[in-house]
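Everything in the sequence shown is counted per my numbering, starting at 67 for the first residue and increasing by one. Structure record follows, encoded as structure tokens.
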Amino acid sequence: MRELILGTAGHVDHGKTSLIRALTGIETDRLKEEKKRGITIELGFAFLDLPCGHRIGIVDVPGHEKFVRNMVAGVAGIDLVAFVIAADEGIMPQTKEHFDICKLLGLQDGIIVLTKKDMVEEEWLEMVQEEIKDFFAGSFLEDAPIIAVSSTTGENIDDFRALLDKKVASITFQEEFGPFRLAVDRVFSMKGFGTVITGTSMSGRVGVGDEVMFYPGDLTAKIRGIQVHGHEVELVEAGHRTAINLQGIEKDDIHRGNVAATPGCLDSSTLLDVEFHYLASNTRKLKNRAEVHVHVGTREILGRVILLEQDLLEPGTDANVQLILQEPVSAWSGDRYVLRSFTPMSTIGGGSIVNSAPRKRKRVNEKDRQQNHLDFEIYKKGTQEERLLLFLLESGFSGLTADQISTRLGLFGKKLKKLLQAPISSGKVLVVESDRQRLIAASIAEKMTDAILNLLGALLGALFAQKAGSLTAK
């Protein structure tokens, strides 16, 4: 059964790790440097069994501005956020940046936790609560419950646990179909076991003995064992914090940011077509070809922003954008991403991927820009069949296999077969390679036929001319 992942967010030293310790009894700071400095640097993990019968996984993220890249990697896989604000300090810089990241990654639900309740007077606490309500107004946390706790004295920790239980019990859990995907956030080696990866299972299911492929790239490994919250399991589904023991692959062959997935279910590309929101908090216009840090899943890559319909982008506005990446990334359409400025680093925007392996787009003249706009309208608002035809048109003579179409549309198995029936029957789409079910658009096939006939005509003309020349010479 699909489970739920709770993640923390909030400014450094606002008590995220202490809250989890008080809630679960688990210490998520495991590094010597973290214990020495008293701050979270890397992602930490815990779990909590709730009275409703669900066990939730918990991801503790760092709050310091130097480790925002780690925070993004942690938040990328969560369903529910515990937004932590210290009662004695209120809204702080990383409160704002973490909140922007949560919105850009599409989070829709959460609880606001006021920590360090024991350090302030009741009058001050009420004032901070009003500040928080104003800050979250108009957002997905506008109506979120606010609970004030003390991790030191334990005050209201039980109430927070009960609040989590009530919220989780009210959620309808749906199984995530399709291929298995897990964005790797840790890789290590254990004596006697070998290579181990951890991450949040994003879709599908996988079992002991199955094979997974690591993207980008084509390395494969067999699953030797699976653990969920320290317990051995034979099968894991979406929504679980998962540790997978692998055989046939070395620790140094895998890195944070890789995606472990069902073989053949992902493409790798250095281009992404995306919807982009440029945050209103930015102080300057965004220039075309601006260099940025791109965060997708648990991966961070350098890239450039190509504004497809304008030369400058005003703060607080949306745009259709193509990202050009220095290294390939593997994602599905619909996955979320975050952009941070090259230097000094700060979160500037993000949004949703609409094509995970597009063609390189032109923006030279008005015709190019208008075509880009029309294509993005189909990406965002078109029917599944309209999007299918657009993907096939863009693929040209090479066409797309059924597997490639699946990753672009997010449709698998019977759902994809049902979608393909009508356009194939009507002749809009042609099957040109039955084994892999490679498809091309009928209009592309017509161009291909014309090109072949023209080539044959030119060859025959040249042969006749050569023959005529030979006869004349005789």
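Backbone N, C-alpha and C define an ideal beta-carbon position, used for all residues, glycine too.
In this structure, the beta-carbon distance from N438 to R425 does not fall below 7 Å. Judged by DSSP in its simplified three-state form, D319 adopts helix. Judged by DSSP secondary structure, T161 falls within the alpha helix (DSSP H) whose first and last residues are P159 to L170.
Contact annotation: the segment 144-152 touches the segment 170-184, with at least three C-beta pairs closer than 8 Å. Within a 10 Å sphere around the beta-carbon of Q470 sit 16 or more other beta-carbons, which makes this residue buried. The Cβ atoms of G244 and F442 lie no closer than 7 Å to each other. If you draw a 10 Å sphere on the C-beta of E197, you find fewer than 16 other C-beta atoms in it, and that means exposed.
Taking C-alpha positions only, L459 is separated from G400 by approximately 20 Å.
When rounded, the separation of the alpha-carbon atoms in D339 and V250 is 23 Å. By the Cβ criterion, the segment 332-346 is not in contact with the segment 259-276, since fewer than three pairs of Cβ atoms, one from each stretch, lie closer than 8 Å.
Contact check between the segment 346-361 and the segment 369-386: three or more CB pairs, one atom from each, fall below 8 Å, which counts as touching. Beta-bridge analysis with DSSP links I310 to I263 and I292. Membership of T90 in any beta strand (DSSP E) is not indicated; the residue belongs instead to the alpha helix (DSSP H) covering K82 to T90. Counting along the chain, T473 sits inside the alpha helix (DSSP H) bounded by residues A468 to L475. Two segments are said to touch when three or more pairs of C-beta atoms, one from each, lie closer than 8 Å; by this definition the segment 307-326 touches the segment 285-294. Ranked by how close their Cα comes to the Cα of K169, the residues G283, K183, M185 and L207 have L207 in first place. In the three-state reduction of the DSSP assignment, K257 falls in the coil class, being assigned neither a helical nor a strand state. In this structure H343 touches G416 by the C-beta definition: roughly 7 Å separates them, less than 8 Å.
Each of T218, Q174 and K233 was checked against the Cα of S205, and the nearest Cα belongs to Q174. Across the structure, H359 and S396 are spaced so that their CA atoms are roughly 16 Å apart. Counting C-beta atoms within 10 angstroms of its own C-beta, N386 has 16 or more neighbours from the protein chains shown and is therefore classed as buried. Contact between the segment 212-221 and the segment 181-201 is established, with three or more Cβ pairs separated by less than 8 Å. By the Cβ criterion, the segment 227-241 is not in contact with the segment 279-291, since fewer than three pairs of Cβ atoms, one from each stretch, lie closer than 8 Å. In the DSSP assignment, L338 falls within the unbroken beta strand (DSSP E) covering S335 to Y344. Beta-carbon to beta-carbon, T364 and A75 are separated by about 16 Å, too far to satisfy the 8 Å threshold. Burial is judged here by how many other beta carbons sit within 10 angstroms of a residue's own beta carbon; D145 has at least 16 and is buried.
By a beta-carbon distance limit of 8 Å, F280 contacts A326. Their separation comes to about 6 Å. Between V371 and the set G382, P394 and L405, the nearest pair of CA atoms involves L405.
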